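Remarks on the structure that follows.
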Ligand code: FEO
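Numbering (the UniProt record's numbering), first residue to last: 1 to 400.
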């Protein structure tokens, strides 16, 4: 017994690692863990596509060794230099001494800037091909999807696209193929990955999808660097990506807030009541009970983002400041919004939220709602009518 490779086509094996227990991936909550996928192509020139995070090198080598002697690897292709895929590369080069290591033009620079390697990395231009003897690889530069170095590799004869982070998700599982996993889990985790990693690059995703169509690349399998491999009904995941990249807002509102003495919480619930009464799908997410990355997953297809904070020492509550900073970087589009919160004596937080939402291009459609200390029935009714008003504006915009 030991770690085994998984055959995914005539020439290709999955030889990655499963990280069952990781729960925080650079600030993104990974409640299901993740995988670091690497692929071994048994061509005349035996080739490894990507590696794994450094602590998992033994697992990668064991899986490779279940098929061949790892020293038989001639080429290594690095599609993406982020360290969850390149961390094992330096010691692997040292141990296995492959003939050549390839990366994109930017990848060559990034790998050297990370690892200061003792070997030359061969840079590959967009559209170039590499012969493996009996098989061919074709390279697609996907700069800024999601790093400057990112590229995808297409195995021509088997119609496999090694898509690095694209079409991936953080999901540790014993199943290697997406069609073996429940679709609701796949869609939720793929959406979470998109919302937290790829969202700011949505215009580039749309161009990539066009380019794949133009190139008429016949793709039979999509092999990402995280999560399961897509081998059936690829149009499903391509359509999810198209929808997320278009950022078309649904009739859905996310109310995200934090609270100190439950007054802002009462306001959030009353706002939600008003939205629900108008038939809008609502998520109420208190920070400290919901991770920022889960909030962004819900924001992905929402039409309205309603943010609340108490005022703490003339400022935003820290978790709300964290969320707003994180959300700004992810550049959500086509949203309307509102700000609310309870305060004791100064009450700056609500204005700060409004200012930050506007700076993100979120259109504020109602006056910011500020309530002193604890809301009474009249104040809560005002929250309800405000929620209903936001719902009506969302529906009007959707009809246009
Ligand atoms: Fe999975 Fe951008 O690294």
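From the three backbone atoms N, C-alpha and C, an ideal C-beta is built for every residue, glycine too.
Keep in mind the model is a prediction, meaning the values are calculated, not measured.
At what residue ranges does the stretch 326-356 contain a whole run of the beta strand (DSSP E), taking only runs of 3 or more? 336-343
Between the Cα of residue 63 and the Cα atoms of 78, 77, 37 and 379, which residue gives the shortest distance? Position 63 of the chain shown, counted from the start, is the residue given in the question as residue 63. Looking at the Cα atoms, 37 is the closest of the given residues.
Over the uninterrupted beta strand (DSSP E) stretch that includes residue 123, give me the two end residues. On the chain shown, residue 123 is found 123 positions in, with the first residue counted as 1. Note, residue 123: beta strand (DSSP E), 121-124.
Beta carbon nearer than 5 Å to a non-hydrogen atom of the ligand FEO: 82, 84 and 165
Identify whether residue 77 lies in helix, strand or coil by the three-state DSSP scheme. The residue you call residue 77 lines up with position 77 of the chain shown. If DSSP states are grouped into helix, strand and coil, residue 77 belongs with the strands.
Bridge partner(s) assigned by DSSP for residue 131: Position 131 of the chain shown, counted from the first residue, corresponds to residue 131. 136, per the DSSP bridge assignment.
Assign residue 318 to buried or exposed, taking buried as 16 or more other Cβ atoms, counted over all protein chains shown, within 10 Å of its Cβ. By 1-based counting over the chain shown, the position of residue 318 is 318. Exposed, since its Cβ has fewer than 16 Cβ neighbours within 10 Å.
Please name the residue, chosen from 94, 97, 96 and 85, that lies closest to residue 103 on a Cα-to-Cα basis. Within the chain shown, numbered from 1, the residue matching residue 103 stands at position 103. For the residues 94, 97, 96 and 85, the minimum Cα distance to residue 103 belongs to 85.
Hey, residue 78 and residue 111 are a contact pair by Cβ (cut 8 Å); roughly how many whole angstroms apart? Indexing the chain shown from 1 puts residue 78 at position 78. Indexing the chain shown from 1 puts residue 111 at position 111. At roughly 6 Å, the Cβ-Cβ gap stays under 8 Å, so residue 78 and residue 111 are in contact.
Would you kindly report the start and end of the unbroken alpha helix (DSSP H) that includes residue 273? By 1-based counting over the chain shown, the position of residue 273 is 273. Looking at the DSSP string, the run of the alpha helix (DSSP H) that includes residue 273 is 263-277.
Please classify residue 107: does DSSP put it in a helix, a strand, or coil? Residue mapping note: residue 107 aligns to position 107 of the chain shown, counting from 1. Three-state DSSP puts residue 107 in a helix.
By Cβ distance, which residues of its chain are closer than 6 Å to residue 149, with the 5 residues on each side in sequence left out? Taking the first residue of the chain shown as position 1, residue 149 is located at position 149. These residues qualify, in order along the chain: 81, 104, 106, 107 and 110.
Span separating the alpha-carbon of residue 369 from that of residue 117: Residue mapping note: residue 369 aligns to position 369 of the chain shown, counting from 1. Residue mapping note: residue 117 aligns to position 117 of the chain shown, counting from 1. Their backbone Cα atoms lie some 56 Å apart in a straight line.
Take the Cβ of residue 164 as the centre, count every other Cβ of all protein chains shown within 10 Å, and call the residue buried at 16 or more, exposed below. Numbered from its first residue, the chain shown carries residue 164 at position 164. Per the 10 Å Cβ criterion, buried.
Contact set for residue 294: own chain, Cβ-Cβ below 8 Å, skip 5 residues either direction: Start at 1 with the first residue of the chain shown, and residue 294 comes out as number 294. So the qualifying residues of the chain are 29, 192 and 285.
My understanding is that residue 155 touches residue 135, with C-beta atoms under 8 Å, so please give their C-beta distance in whole angstroms. If you number the chain shown from 1, residue 155 lands on position 155. If you number the chain shown from 1, residue 135 lands on position 135. About 6 Å; that satisfies the 8 Å criterion.
According to DSSP, what are the bridge partners of residue 29? Position 29 of the chain shown, counted from the start, is the residue given in the question as residue 29. Partner(s): 24.
Distance CB(residue 272)-CB(residue 256) smaller than 8 Å: Here the question's residue 272 lines up with position 272 in the chain shown. Here the question's residue 256 lines up with position 256 in the chain shown. Not closer than 8 Å, so no.
8 Å Cβ cutoff met for residue 328 and residue 356: Sequence index remark: in the chain shown, residue 328 carries index 328 (1-based). Sequence index remark: in the chain shown, residue 356 carries index 356 (1-based). In this structure, residue 356 lies closer than 8 Å to residue 328 by Cβ.
Work out the CA separation of residue 395 and residue 13 for me, nearest whole Å. Within the chain shown, numbered from 1, the residue matching residue 13 stands at position 13. Within the chain shown, numbered from 1, the residue matching residue 395 stands at position 395. Roughly 49 Å between the two C-alpha positions.
For residue 209, which residues in the same chain have their Cβ closer than 8 Å to its Cβ, ignoring the five residues on either side in sequence? Mapped onto the chain shown, residue 209 falls at position 209. So the list reads 238, 241, 242 and 245, once near-sequence residues are dropped.
I need the straight-line Cα distance from residue 196 to residue 297, nearest angstrom please. What you label residue 196 is simply residue 196 of the chain shown in a count that begins at 1. What you label residue 297 is simply residue 297 of the chain shown in a count that begins at 1. Just so you know, the alpha carbons of residue 196 and residue 297 end up roughly 7 Å apart.
Close-in-space but distant-in-sequence residues of the same chain around residue 181 (CB under 7 Å, 5 per side omitted): On the chain shown, residue 181 is found 181 positions in, with the first residue counted as 1. Excluding sequence neighbours, residue 181 sits near 173, 175 and 228.
Do residue 202 and residue 247 have their C-beta atoms closer together than 8 Å? The sequence position of residue 202 within the chain shown is 202, counting from 1. The sequence position of residue 247 within the chain shown is 247, counting from 1. Cβ distance < 8 Å, so residue 202 and residue 247 count as in contact.
Going by other Cβ atoms of all chains shown within 10 Å of its Cβ, with 16 needed for buried, is residue 125 buried or exposed? By one-based count along the chain shown, residue 125 stands at place 125. Exposed.
Looking at the unbroken beta strand (DSSP E) that takes in residue 19, where does it start and where does it end? Here residue 19 refers to the residue found at position 19 when the chain shown is read from its first residue. First-last of the beta strand (DSSP E) with residue 19: 17-19.
Might you give, ordered along the chain, the residues of its own chain that have their beta carbon closer than 6 Å to the beta carbon of residue 76, omitting 5 neighbours on each side? Here residue 76 refers to the residue found at position 76 when the chain shown is read from its first residue. Cβ within range, chain order: 48, 98 and 101.
I want to see whether chain D comes within less than 8 Å of residue 330, judged by CB atoms only; does it? Going by chain labels, chain D is absent from the structure shown, which holds only one protein chain.
Out of curiosity, what's the CA-to-CA distance linking residue 323 and residue 292? Working through the chain shown from its first residue, we reach residue 323 at position 323. Working through the chain shown from its first residue, we reach residue 292 at position 292. The straight-line gap from Cα to Cα measures roughly 6 Å.
Where the alpha helix (DSSP H) containing residue 207 begins and where it ends: Start at 1 with the first residue of the chain shown, and residue 207 comes out as number 207. Secondary structure note for residue 207: its alpha helix (DSSP H) is the uninterrupted segment 202-214.
Does DSSP classify residue 178 as helix, strand or coil? The residue labelled residue 178 in the question sits at position 178 within the chain shown. Residue 178: helix per DSSP, three-state reduction.
DSSP three-state assignment for residue 101, whether helix, strand or coil: Here residue 101 corresponds to residue number 101 of the chain shown, with the count starting at 1. Of the three classes helix, strand and coil, the one that applies to residue 101 here is strand, per DSSP.
Which one of 131, 178, 4 and 326 has the shortest CA to CA distance from residue 66? For the purposes of this step, residue 66 is taken as the residue at position 66 of the chain shown. When 131, 178, 4 and 326 are compared, the shortest CA-CA separation from residue 66 is found for 4.
Tell whether a beta-carbon distance below 8 Å holds between residue 346 and residue 263. Position 346 of the chain shown, counting from 1, holds the residue named residue 346. Position 263 of the chain shown, counting from 1, holds the residue named residue 263. For residue 346 and residue 263, no; Cβs fall outside 8 Å.
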